[in-house]
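Enquirer: Here the sequence shown is numbered in this note's numbering, starting from 1 and rising by one per residue. Ideal Cβ placement from N, Cα and C applies to all residues, glycine included. To start, I am sharing the structure in question, which I have written as structure tokens.
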Amino acid sequence: MALTILYDIASDTGSLTGNDGWAAGMPVSNLRTDDVQAVARFLEIAEGPARMVAAFNRPRPINAWALIGHTCSTQAQVRVGLASNSALTDPIYQADLPAWEPTVVFGSVPWGAAPFDGVDKDTFPGAPVIFHRAGTQFGGWGFIEVADPSNNDGYLDFGRLMIGQSWQPPGFDGHDYGSAIQVVDTSTVQRTRGNRRIVGDQRIYRTWEIKLSYQTQATALGVFHDLQMRLGKSGSMLIIWDDEAAFSVRSRLTLYCALSGTSPITISDADAWDVTLSVEELT
Numbered sequence: 001m002a003l004t005i006l007y008d009i010a011s012d013t014g015s016l017t018g019n020d021g022w023a024a025g026m027p028v029s030n031l032r033t034d035d036v037q038a039v040a041r042f043l044e045i046a047e048g049p050a051r052m053v054a055a056f057n058r059p060r061p062i063n064a065w066a067l068i069g070h071t072c073s074t075q076a077q078v079r080v081g082l083a084s085n086s087a088l089t090d091p092i093y094q095a096d097l098p099a100w101e102p103t104v105v106f107g108s109v110p111w112g113a114a115p116f117d118g119v120d121k122d123t124f125p126g127a128p129v130i131f132h133r134a135g136t137q138f139g140g141w142g143f144i145e146v147a148d149p150s151n152n153d154g155y156l157d158f159g160r161l162m163i164g165q166s167w168q169p170p171g172f173d174g175h176d177y178g179s180a181i182q183v184v185d186t187s188t189v190q191r192t193r194g195n196r197r198i199v200g201d202q203r204i205y206r207t208w209e210i211k212l213s214y215q216t217q218a219t220a221l222g223v224f225h226d227l228q229m230r231l232g233k234s235g236s237m238l239i240i241w242d243d244e245a246a247f248s249v250r251s252r253l254t255l256y257c258a259l260s261g262t263s264p265i266t267i268s269d270a271d272a273w274d275v276t277l278s279v280e281e282l283t
């Protein structure tokens, strides 16, 4: 099990550009806003891949790439990378991956009921997320390319781009008891005088409470304290409950989120601290 938090976003610094083909009213710069509904739209996906290039303001340590809220087909292919020059020649790091992996949790539906490729987009919970993590390397330009020529819509939408340095608690062996995942529905329910039930629908979202005990001073103060100071309630991050789980499980345990509140960092022993991270999904 590996808790992963991506909150140090290098791609939010410097410049963010794209290749030709982005819609004028839905530019690639929308990928820096926390609102995944304010999408960037690539119109020429049938002709070639959508490319997003983040030029950092200095060489940065990078180990994670994420695209949140995409509309890729199950045939889409993704390339992520890190380079030392704006032409992206001789990349420092590069990897290819599918936009989708099987989403049906094994054993949750009768045998033969799942789609042939295992991807059930109709019942997929939350915003689809493309995520890749690698060993840390330094570079000045990070990029993501998405090829999806057979997309039925003829265009691609993306909600948020994150390229940066993700963090995992050292020696992590699981969440503390009491850590919780909750589905939240703020819809209102009323009954008429004739006892008809009327629901005022609201978008469903999720909240997490992550509890970690006996953390080092470096983790408690250098990460959780600084994360709360840096982000507050307005900043966004990506958290993966278990980075090592199968995609069908991991996709349900991946949250694009913000702090729902700040929490005490408590001394629990002579050299240990207890921390709690309370977050709510951004949809």
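Going by beta carbon distance, what residues of the same chain come within less than 7 Å of A46, once the five residues before and after it are set aside?
Expert: P149 and G154
Enquirer: If you check the beta carbons only, do D122 and T103 fall under 7 Å apart?
Expert: no
Enquirer: Rounded to whole angstroms, how far is the Cβ of T192 from the Cβ of S260, which I believe are closer than 8 Å?
Expert: In fact, because the Cβ distance is near 34 Å, the residues do not count as touching under 8 Å.
Enquirer: Just tell me which of I240, S86 and F56 has its CA closest to the CA of H175.
Expert: I240
Enquirer: Name the one or two DSSP bridge partners that C257 has.
Expert: M237 and E281
Enquirer: In terms of alpha-carbon separation, which member of S166, G14 and V78 lies closest to N57?
Expert: G14
Enquirer: So which of L227, P27 and P49 has the shortest CA-CA distance to S166?
Expert: L227
Enquirer: Within the same chain, show all residues whose beta-carbon is closer than 7 Å to that of P61, passing over the 5 residues directly before and after it, in chain order.
Expert: The beta carbon of P61 lies closer than 7 Å to those of T136, F138 and Q165 in the same chain, with the five residues before and after it left out.
Enquirer: For M52, which of helix, strand or coil comes out of DSSP?
Expert: strand
Enquirer: Would you mind reading off the limits of the beta strand (DSSP E) that contains S285?
Expert: Outside the shown range of the chain (1 to 283) lies residue 285, about which nothing can therefore be said.
Enquirer: Given a threshold of 16 other Cβ atoms within 10 Å of its Cβ, counted over all protein chains shown, does P128 qualify as buried or as exposed?
Expert: By the beta-carbon neighbour count (other beta carbons within 10 angstroms, threshold 16), P128 is buried.
Enquirer: Quick check: E281 and L255, are their CB atoms within less than 7 Å of each other?
Expert: Less than 7 Å divides the Cβ of E281 from the Cβ of L255.
Enquirer: Is R41 helix, strand or coil by DSSP?
Expert: strand
Enquirer: Thinking C-alpha only, which one of I163, L221, Q215 and R51 is nearest R32?
Expert: I163
Enquirer: Check for me: the beta strand (DSSP E) holding S352 runs from which residue to which?
Expert: The chain is shown only over 1 to 283; residue 352 falls outside these bounds and no answer can be derived.
Enquirer: So, is S187 buried or exposed, given that buried needs 16 or more other C-beta atoms within 10 angstroms?
Expert: When all chains shown are included, S187 counts as exposed.
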